[in-house]
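Presented below is the structure to which this report refers.
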Amino acid sequence: MGKKVLYFITSEDITGIELAMEHSDDDDVTILLLQNAVYFANKSNKAVTQALNQNKKISACKEHIDTRGLSNFISDKIKLVDNSEIIDLIFECETIINM
Amino acid sequence: MGKKVLYFITSEDITGIELAMEHSDDDDVTILLLQNAVYFANKSNKAVTQALNQNKKISACKEHIDTRGLSNFISDKIKLVDNSEIIDLIFECETIINM
Amino acid sequence: MSEEKNIVILLRQPPHGTLYPVEGLRMTVAVSADFDPITVVINDAVFAFIKDVDKTMYSMHIEFIRNIDLDILIDKKSLDDRGLTKDDLIDDVEIKEHQEILDIIANSTVTIPF
Amino acid sequence: MSEEKNIVILLRQPPHGTLYPVEGLRMTVAVSADFDPITVVINDAVFAFIKDVDKTMYSMHIEFIRNIDLDILIDKKSLDDRGLTKDDLIDDVEIKEHQEILDIIANSTVTIPF
Amino acid sequence: MLGYDLYTVYEKRRLRIGVEYKQMARLGILFFDGPYQKQASETVVKLSNAALDKGHEVRIFCYMDAVNALLDNQKKIEGIFNIEEGFREILTKGAVVRLCNLCLLVRGTMKNCLKRECGDVKRAGTPDLAKIIEETDRLIVIC
Amino acid sequence: MLGYDLYTVYEKRRLRIGVEYKQMARLGILFFDGPYQKQASETVVKLSNAALDKGHEVRIFCYMDAVNALLDNQKKIEGIFNIEEGFREILTKGAVVRLCNLCLLVRGTMKNCLKRECGDVKRAGTPDLAKIIEETDRLIVIC
Numbered sequence: 000m001g002k003k004v005l006y007f008i009t010s011e012d013i014t015g016i017e018l019a020m021e022h023s024d025d026d027d028v029t030i031l032l033l034q035n036a037v038y039f040a041n042k043s044n045k046a047v048t049q050a051l052n053q054n055k056k057i058s059a060c061k062e063h064i065d066t067r068g069l070s071n072f073i074s075d076k077i078k079l080v081d082n083s084e085i086i087d088l089i090f091e092c093e094t095i096i097n098m
Numbered sequence: 000m001g002k003k004v005l006y007f008i009t010s011e012d013i014t015g016i017e018l019a020m021e022h023s024d025d026d027d028v029t030i031l032l033l034q035n036a037v038y039f040a041n042k043s044n045k046a047v048t049q050a051l052n053q054n055k056k057i058s059a060c061k062e063h064i065d066t067r068g069l070s071n072f073i074s075d076k077i078k079l080v081d082n083s084e085i086i087d088l089i090f091e092c093e094t095i096i097n098m
Numbered sequence: 000m001s002e003e004k005n006i007v008i009l010l011r012q013p014p015h016g017t018l019y020p021v022e023g024l025r026m027t028v029a030v031s032a033d034f035d036p037i038t039v040v041i042n043d044a045v046f047a048f049i050k051d052v053d054k055t056m057y058s059m060h061i062e063f064i065r066n067i068d069l070d071i072l073i074d075k076k077s078l079d080d081r082g083l084t085k086d087d088l089i090d091d092v093e094i095k096e097h098q099e100i101l102d103i104i105a106n107s108t109v110t111i112p113f
Numbered sequence: 000m001s002e003e004k005n006i007v008i009l010l011r012q013p014p015h016g017t018l019y020p021v022e023g024l025r026m027t028v029a030v031s032a033d034f035d036p037i038t039v040v041i042n043d044a045v046f047a048f049i050k051d052v053d054k055t056m057y058s059m060h061i062e063f064i065r066n067i068d069l070d071i072l073i074d075k076k077s078l079d080d081r082g083l084t085k086d087d088l089i090d091d092v093e094i095k096e097h098q099e100i101l102d103i104i105a106n107s108t109v110t111i112p113f
Numbered sequence: 000m001l002g003y004d005l006y007t008v009y010e011k012r013r014l015r016i017g018v019e020y021k022q023m024a025r026l027g028i029l030f031f032d033g034p035y036q037k038q039a040s041e042t043v044v045k046l047s048n049a050a051l052d053k054g055h056e057v058r059i060f061c062y063m064d065a066v067n068a069l070l071d072n073q074k075k076i077e078g079i080f081n082i083e084e085g086f087r088e089i090l091t092k093g094a095v096v097r098l099c100n101l102c103l104l105v106r107g108t109m110k111n112c113l114k115r116e117c118g119d120v121k122r123a124g125t126p127d128l129a130k131i132i133e134e135t136d137r138l139i140v141i142c
Numbered sequence: 000m001l002g003y004d005l006y007t008v009y010e011k012r013r014l015r016i017g018v019e020y021k022q023m024a025r026l027g028i029l030f031f032d033g034p035y036q037k038q039a040s041e042t043v044v045k046l047s048n049a050a051l052d053k054g055h056e057v058r059i060f061c062y063m064d065a066v067n068a069l070l071d072n073q074k075k076i077e078g079i080f081n082i083e084e085g086f087r088e089i090l091t092k093g094a095v096v097r098l099c100n101l102c103l104l105v106r107g108t109m110k111n112c113l114k115r116e117c118g119d120v121k122r123a124g125t126p127d128l129a130k131i132i133e134e135t136d137r138l139i140v141i142c
């Protein structure tokens, strides 16, 4: 395993997820979804389903999922994280790719 | 011909063009592109090419095309209009669908 | 003049992260004094009407619109695209086939997007 | 600490209608005092570097970046998707294959999107 | 004020010359975005100018961030279209501008907007948009 | 001011206890959007609070419309997260906030922002973002 990389995705631009999916498997990649980017976590979203099948780690901000009433619509493989865990994740990763 | 309808598209949301393409042929439909919606006028955009093939009228704001340097990239079938012509178009149409 | 105008308030953005759909409903309420606006819901705005969404800002407007017998119409195609069904939505809205949604927009005098 | 940071300024929005790409270039210029930022251009931001675009707000920054030998790299895939070629672009930028763009982003310490 | 005076003129003109009036119509404009982040406020100014120059009446409703387009003291910067100046110009030409009251309150910009001496610019509520829709011939929305 | 005092504390702590310091890190945050139109400013406040509560240092750069998040007199409205109050809280906890000077000037909101008595909030230029990138361990951008 290479370095830990965080795709920190706060916008509704699918490009961030596409870039993450194309990221080298040598690195330990986590995709973190916040704000309206949490809609990408919807089970019917193809890009995220594909990323999960590729064994990329995907987390989503729990508060933003809950406000939007999405908890029943997202895959079990997506880890819900609170703000404190998000801060830990940010400092654990050596590279942050903001989108 | 039914009534004159104007799709007044100022946002980069392709939905407006999709709705216009699905609009009944009984009406006289014009699609007007402004601001960053003028990028839809790019020859390589499939939705707009299809709309042109369907004989929908497409106009684009000349000033917004020029600022973006797009005049060589758009189809000859797209009519460039200045602000005065845009105002005339607005009052000529009985229905305005803003997007 | 006012009686002849058919106004469609078109919600298209997701319910949180922006205030657009809630402002759209507020506009439906405001405009209802003079017109009979139809609220049409497409794209990610359909998420504003799922059962579990936080409706702190929404419920007052939705209730008002229901009480004065105005319609909130959901585009079935937008639901299908998002893997949502009627059961996921609250009861105060009505699902319409995409063609009906298109006809309603086509027959409006003005469509106002949010 | 500063020498170790690889900063990518990622332009992704169209050049007019928003001030994002011009603010991105302004940031490249500002950050260049302490770092060697790489400007990477994807999606509709590639339109900021076509020959005929209005560059009133851009030229000063582009010239500065060229004069201090920093790279502005254009994603070839984004060009292809928009039917654009090298000939459509100004000379001050360099086109890179999509895989190279990915590698540059992957090797950054931080990528800042505009 | 000027806007409503013009309105009276148009009404008189309508009674007098009938057909000619048809070319003098009323345009409503709604927009949502603040200045300098997106192009909307610049487009509103330019289309308003075009409509006013053709003798039409213009009534604008500023909703959400759009209320910030009417802030005072916007510094002129070369190469950037100054939105305040644009609105001052169309107000002088008779445009009517209504600012969403609640939107100003929540943003804390209530006291910093252009005042009545600039023209017919006033705080308003959403019912005023209904009024604009009712009293104009066409409504465009600049997103 | 408080922010820089904390910085001194961390530096001393680093010298004193080495490893423990690793858990006290510096977070940089950049954002672009104004309050009430998009969620960014609320997210900035909440993540800053979480970081500060864990003992980290937070330095925020407000770019473009984001400068309006620090406006004074934002009226509290039920159901809407008050951004001014949020920023006052994190400033009290020691967050450092820098406001893009040119962005304030062009918007006409220069004189209406929170003042130094609220904490370490100051007008700044883009080089100050470079400084934030240099002096923090991680930079996140809230779009």
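Residue numbers (numbering that gives the first Met the number 0), protein chains in the order written: chain V, 0 to 98; chain F, 0 to 98; chain P, 0 to 113; chain G, 0 to 113; chain Y, 0 to 142; chain R, 0 to 142. Note that beta-carbon positions come from the ideal geometry of N, C-alpha and C, so glycine has one too.
Near chain Y, meaning a CB-to-CB distance below 7 Å, the residues of the stretch 32-61 of chain F are Leu33 and Gln34. Counting the other CB atoms within 10 Å of its CB gives alanine 94 of chain Y a total of 16 or more, which places it among the buried residues.
Judged by their CB atoms, isoleucine 89 of chain F and phenylalanine 7 of chain F are nearer to each other than the 9 Å cut-off. Each residue's CA atom was taken as its position, placing serine 58 of chain P and phenylalanine 113 of chain P some 18 Å apart. Residue-level contact check: isoleucine 76 of chain Y does not touch chain P, since none of the beta carbons of chain P fall below 9 Å from its beta carbon. For alanine 46 of chain F against isoleucine 96 of chain F, the beta-carbon gap comes to about 16 Å, at or over 8 Å, which does not count as contact. CA-CA distance, asparagine 52 of chain F to leucine 9 of chain P, rounds to 27 Å. For aspartate 81 of chain V, no chain G residue has a Cβ inside 8 Å of its Cβ, as the nearest lies near 23 Å away. Secondary structure note for alanine 50 of chain Y: its alpha helix (DSSP H) is the uninterrupted segment 39-52. The alpha-carbon separation between histidine 22 of chain F and aspartate 102 of chain P amounts to approximately 8 Å. Here alanine 24 of chain R carries a coil assignment [DSSP, helix/strand/coil]. In this structure, the CA atom of isoleucine 6 of chain P is about 45 Å from the CA atom of arginine 122 of chain R.
Here the alpha carbon of proline 13 of chain G sits roughly 22 Å from the alpha carbon of arginine 106 of chain R. The Cβ of alanine 105 of chain P sits closer than 9 Å to at least one Cβ of chain F.
Chain order gives the chain Y residues near threonine 108 of chain R as Leu70, where near means a beta carbon separation below 7 Å. Nearest to proline 20 of chain G by C-alpha distance, out of R:Arg58, R:Gly54 and R:Met63, is R:Met63. Contact holds between the stretch 75-89 of chain G and the stretch 47-64 of chain G, because three or more Cβ pairs, one in each stretch, are under 8 Å apart. For lysine 61 of chain F, the uninterrupted alpha helix (DSSP H) run begins and ends at 61-66, by DSSP. The beta carbons of isoleucine 64 of chain G and threonine 108 of chain G sit no closer together than 9 Å. Fully contained in the stretch 27-72 of chain G are the following beta strand (DSSP E) runs of length 3 or more, in chain order: 37-40. Per the coordinates, the alpha-carbon of glutamate 133 of chain Y lies some 11 Å from the alpha-carbon of leucine 26 of chain Y. Under the 9 Å criterion on CB atoms, serine 74 of chain V is classed as non-interfacial with respect to chain P.
Less than 9 Å divides the Cβ of isoleucine 139 of chain R from the Cβ of leucine 29 of chain R. Glutamine 36 of chain Y and lysine 74 of chain Y have their C-alpha atoms roughly 15 Å apart. Residues of chain R with a Cβ closer than 8 Å to the Cβ of isoleucine 111 of chain G are, in chain order, Leu29, Leu138 and Val140. One Cα belongs to alanine 29 of chain G, the other to glycine 124 of chain R, and the distance between them is close to 9 Å.
If the five residues before and after isoleucine 49 of chain G are omitted, its C-beta is found closer than 8 Å to the C-beta atoms of Leu83, Asp87, Leu88 and Ile89, all from its own chain and listed in chain order. Taking a beta-carbon distance threshold of 9 Å, isoleucine 16 of chain F does not count as an interface residue toward chain P. Under the DSSP assignment, valine 92 of chain G falls outside any beta strand (DSSP E); it carries neither an H nor an E label.
Interface criterion met: the Cβ of aspartate 52 of chain Y is under 9 Å from a Cβ in chain F. DSSP, reduced to helix, strand and coil, places tyrosine 6 of chain F within a strand of the structure shown. Burial state of aspartate 43 of chain G is buried, judged by a 10 Å Cβ sphere holding 16 or more other Cβ atoms.
Annotation: lysine 92 of chain Y has no Cβ neighbours in chain F at a cutoff of 7 Å; minimum Cβ distance is about 14 Å. Interface annotation, glycine 124 of chain R: in contact with chain G, CB-CB separation under 9 Å. Per DSSP, the continuous beta strand (DSSP E) segment holding valine 140 of chain Y begins and ends at 137-141. In the three-state DSSP reduction, alanine 123 of chain R falls in the strand class (E or B).
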